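> Dropping the structure in here first, questions after.
Numbering (UniProt numbering), first residue to last: 1 to 311.
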C-alpha cells in the first residue's frame, strides 16, 4: 500500500493516487484521491475498495507516512485483527516492488494524459484493467488469472461476439478497447527493459540473509543497503573476450553531484530556517532528505506547486 502524490490536479480535484497491491497475485487497485487525504479517508477508500471485493487481509504493508503511523490507523486495524507492517531499510525488496509498481503506473498514465494532464483520473479504470490483465514476470501469470482463475472478457472480445451493433454501444466499446490497448502497449517496453548496473562496489556488511550494504562513493545519493535480487557478481572482461562488456552508466563530469527533484513532500522550521522534505527523481521514498531552501534553486516550479497545495 502506497501513495503517488503531487500529481497534476484534475477537474475532479484529484492530485494523488492510493495504490493497493496483493503481494501474492500482484492484483492492483488504483484509487484517485488528494495529497492531503487523512487517515480516516484512507480507511474509507480501503474498505470501499479492498474489503468490499476481497475481505480483510491478514497483513497490510505500507511506508511510514504519518497517516499509517497515526493512532487512528493503528487502533482501527488492531481492533479488526489486521497486522500492520512498515517498509524498512532492511527490507529493500518490499520497498523496491512498490517503487516499480508506482513507476509503471506513472508511465501508463503518461501515455494517456500527455496532452490532457487534468483528466488522468478518468483513465485509471482502464489502466487498472490493463495492468491486472498483463502477465507478471515474477509469477508468469496475469493477476486476474491468479485471483479469479480465468481471463476476463474485454471490450474487444465483447465486440467480436457481436453482442450489440448499436452505434453508441460500438463507440463505447471501441473507446475502452483503445484505452486498454494504450495501457498494454505501455507495459510491453517496461517489461523488456534490461536492469542497469553500476559498479563494481565492495560489500561492506551483510545486513541479513537477503540484504547487503555496499561501500558506495559519497557522490552517489543512493541508500547503500540492497536486496540480493538487485545485485550480481562483478566479472572482469578480458581484452579479447568475444562478449562485449555491458555499457557503463555515464555520470556527467562535475565537481558537485546534481539531483533532480521529483516531489516536495513536507516542510518544517529548524532554528528559524525553513527545510523541505525532498523525494529525488529515480530514488526510493526512504532516501528522501530534508534540504534548506537554497538547495532547491533549480526547482522553483516544484516549490511553487508545493506551497500552493498547502494553502
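Backbone N, C-alpha and C fix where the C-beta goes; we use that ideal spot for every residue, glycine too.
Since the model is a prediction, treat every value here as computed from it, not as a measurement.
Taking DSSP as the reference, what is the three-state secondary structure of residue 103?
Here residue 103 corresponds to residue number 103 of the chain shown, with the count starting at 1. Note: residue 103 maps to helix in three-state DSSP.
> Alpha carbons only, please: which of 5, 142, 127, 61 is nearest the one belonging to residue 333?
As shown, the chain starts at 1 and ends at 311. That puts residue 333 outside it, with no answer to give.
> Compute the distance between the beta-carbons of residue 266 and residue 281, then report whether it is under 7 Å.
Locating residue 266 in the chain shown gives position 266, where the first residue counts as 1. Locating residue 281 in the chain shown gives position 281, where the first residue counts as 1. Result no, Cβ atoms of residue 266 and residue 281 do not sit closer than 7 Å.
> Sorted by chain position, which residues of the same chain lie with C-beta nearer than 8 Å to residue 59's C-beta, five sequence neighbours on each side aside?
One-based indexing of the chain shown puts residue 59 at position 59. The answer, listed in chain order, is 82, 83, 84, 85.
> Which stretch, first to last residue, makes up the beta strand (DSSP E) that contains residue 207?
Taking the chain shown and counting its residues from 1, the one referred to as residue 207 is at position 207. No beta strand (DSSP E) holds residue 207; DSSP gives it neither H nor E.
> By DSSP, does residue 260 sit in helix, in strand, or in coil?
As a first step, residue 260 is located in the chain shown; it is residue number 260 there, counting from the start. In this structure, residue 260 counts as coil in the three-state DSSP scheme.
> Would you tell me roughly how many angstroms separate the C-alpha atoms of residue 63 and residue 134, rounded to the nearest one?
Counting from one through the chain shown, the residue named residue 63 turns up at place 63. Counting from one through the chain shown, the residue named residue 134 turns up at place 134. Using only the alpha carbons, I get a separation of about 26 Å.
> What are the start and end residues of the alpha helix (DSSP H) that includes residue 130?
The count along the chain shown starts at 1 and reaches residue 130 at position 130. It spans 124-132 - the alpha helix (DSSP H) in which residue 130 sits, taken as one unbroken run.
> Can you grab the Cα-Cα spacing for the pair residue 192 / residue 311, in whole Å?
Here residue 192 is taken as the residue at index 192 of the chain shown, counted from 1. Here residue 311 is taken as the residue at index 311 of the chain shown, counted from 1. Only weak support is given to the placement of residue 192: the predicted model assigns it a pLDDT of 35, under 50, and the question is left unresolved by the model.
> Using a Cβ distance threshold of 8 Å, determine whether the stretch 33-43 contacts the stretch 138-152, with at least three qualifying pairs required.
The stretch 33-43, when compared against the stretch 138-152, does not touch it at the 8 Å Cβ threshold.
> Roughly how many whole angstroms lie between the Cα atoms of residue 304 and residue 119?
The sequence position of residue 304 within the chain shown is 304, counting from 1. The sequence position of residue 119 within the chain shown is 119, counting from 1. Between residue 304 and residue 119, the C-alpha separation is close to 22 Å.
> Indicate whether residue 39 and residue 67 have their beta-carbon atoms separated by less than 7 Å.
Here the question's residue 39 lines up with position 39 in the chain shown. Here the question's residue 67 lines up with position 67 in the chain shown. Going by C-beta atoms, residue 39 is nearer than 7 Å to residue 67.
> May I ask you to list the residues that DSSP assigns as paired with residue 86?
Within the chain shown, residue 86 is the residue found at index 86, counting from 1. 62.
> Per DSSP, what are the beta-bridge partners of residue 136 in this structure?
Numbered from 1 along the chain shown, position 136 holds the residue referred to as residue 136. According to DSSP, residue 136 bridges with nothing at all.
> Measuring only the C-alpha atoms, how far is residue 132 from residue 53?
For the purposes of this step, residue 132 is taken as residue 132 along the chain shown, with counting starting at 1. For the purposes of this step, residue 53 is taken as residue 53 along the chain shown, with counting starting at 1. When rounded, the distance between both Cα atoms is 15 Å.
> Starting from residue 120, trace the alpha helix (DSSP H) in both directions and tell me its first and last residue.
Your numbering for residue 120 matches position 120 in the chain shown. Counting along the chain, residue 120 falls outside any alpha helix (DSSP H), and DSSP gives it neither H nor E.
> Taking the alpha helix (DSSP H) that residue 40 belongs to, which residues open and close that run?
Stepping through the chain shown from its first residue, residue 40 is reached at position 40. It spans 39-46 - the alpha helix (DSSP H) in which residue 40 sits, taken as one unbroken run.
> How would you call residue 312, buried or exposed, if buried means at least 16 neighbouring beta carbons within 10 angstroms?
No statement about residue 312 is possible, as the shown extent of the chain runs from 1 to 311 and does not include it.
> In three-state terms, what does DSSP make of residue 215?
As a position in the chain shown, residue 215 is number 215, starting the count at 1. The answer is coil: DSSP assigns residue 215 none of H, G, I, E or B.
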